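Okay, so here's the structure we're looking at.
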Amino acid sequence: MGAGLSGIDLAHHVAQNSPPHWSWEIHDVHDDLGGTWHTFTYPGIRSDSDMATFGFPFRPWPHKSTLGQGADIKEYIRDVARDCGAPSVCGPAPGSRTLTGRPTRSSTRSPL
Ligand SMILES: Cc1cc2nc3c(=O)[nH]c(=O)nc-3n(C[C@H](O)[C@H](O)[C@H](O)COP(=O)(O)OP(=O)(O)OC[C@H]3O[C@@H](n4cnc5c(N)ncnc54)[C@H](O)[C@@H]3O)c2cc1C
Numbered sequence: 000m001g002a003g004l005s006g007i008d009l010a011h012h013v014a015q016n017s018p019p020h021w022s023w024e025i026h027d028v029h030d031d032l033g034g035t036w037h038t039f040t041y042p043g044i045r046s047d048s049d050m051a052t053f054g055f056p057f058r059p060w061p062h063k064s065t066l067g068q069g070a071d072i073k074e075y076i077r078d079v080a081r082d083c084g085a086p087s088v089c090g091p092a093p094g095s096r097t098l099t100g101r102p103t104r105s106s107t108r109s110p111l
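The numbers in the sequence shown follow numbering that gives the first Met the number 0, run straight up by one, and end at 111.
Next up, the structure:
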C-alpha cells in the first residue's frame, strides 16, 4: 500500500483488527514513511486542509496550528505507525513493480 497517510491508516486498522497470529509488513518504494510528506520537503510546505479533517480520525492532531507543516505531518504519521507496530518501512516488496499508465483518448470524445 505504500507508507503515506493511506497506507498507515490501513496499517492502523490491520493492527487493530487482525488475528494475533498474522504478521504483516509495510512496503514502500521509498526508504522512509510519510508518502507525500516524505517526498516533498521544500521550505514552507504545509497542508491546505485543516488537520482536524485531513488527519486520522482516531488520532487528534497534536499541534496548535490548524494547518500542518510538512515535517510535523510526517512525524504525526510516524507516531501512528510506531503505535501500530510498524515504525519503519521495508522498501519495495520483492517482485513488486510500480504500475504506470498512459491516458488514452476515446474516439467518441473531443480532443483535450
Ligand atoms: C504540498 C501538498 C499539500 C497537500 N495538502 C493536502 C491537504 O491539505 N488535504 C488533502 O486532502 N490532500 C493534500 N495533499 C495531497 C496529499 O498528497 C494527499 O492527501 C495524501 O497525503 C496522500 O496520501 P496517500 O497515502 O494516499 O498517498 P501518498 O502520500 O502519495 O503515499 C503513497 C505512497 O505509496 C508509495 N508507493 C507507490 N507505489 C508503490 C509501489 N508500487 N510499491 C510500494 N510503494 C509504493 C509511494 O512511494 C508513497 O510513499 C497535498 C499534497 C501536497 C504535495
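Yeah, the Cβ is synthetic: ideal placement off N, Cα and C, and Gly gets one too. Owing to the predicted nature of the structure, the values given are computational and were not obtained by experimental measurement.
**OP:** Please state if the CB of C83 and the CB of H26 are separated by a distance shorter than 8 Å.
**Re:** no
Subject >> Best match in W21, G67, P19, P56 for proximity to V79 [C-alpha to C-alpha] >> reply: P56
Original post:
Cβ-heavy atom distance between H20 and ligand 1 below 7 Å?
Top reply: no
**OP:** Determine the DSSP secondary structure at R58, reduced to helix, strand or coil.
**Re:** coil
**OP:** With hydrogens ignored, establish whether the beta-carbon of L9 is closer than 7 Å to any heavy atom of ligand 1.
**Re:** no
Original post:
Is the beta carbon of D27 within less than 7 Å of some heavy atom of ligand 1?
Top reply: yes
Original post:
Just to check, is the beta-carbon of H17 closer than 7 Å to a non-hydrogen atom of ligand 1?
Top reply: What sits at residue 17 in the sequence shown is Ser, not His. No.
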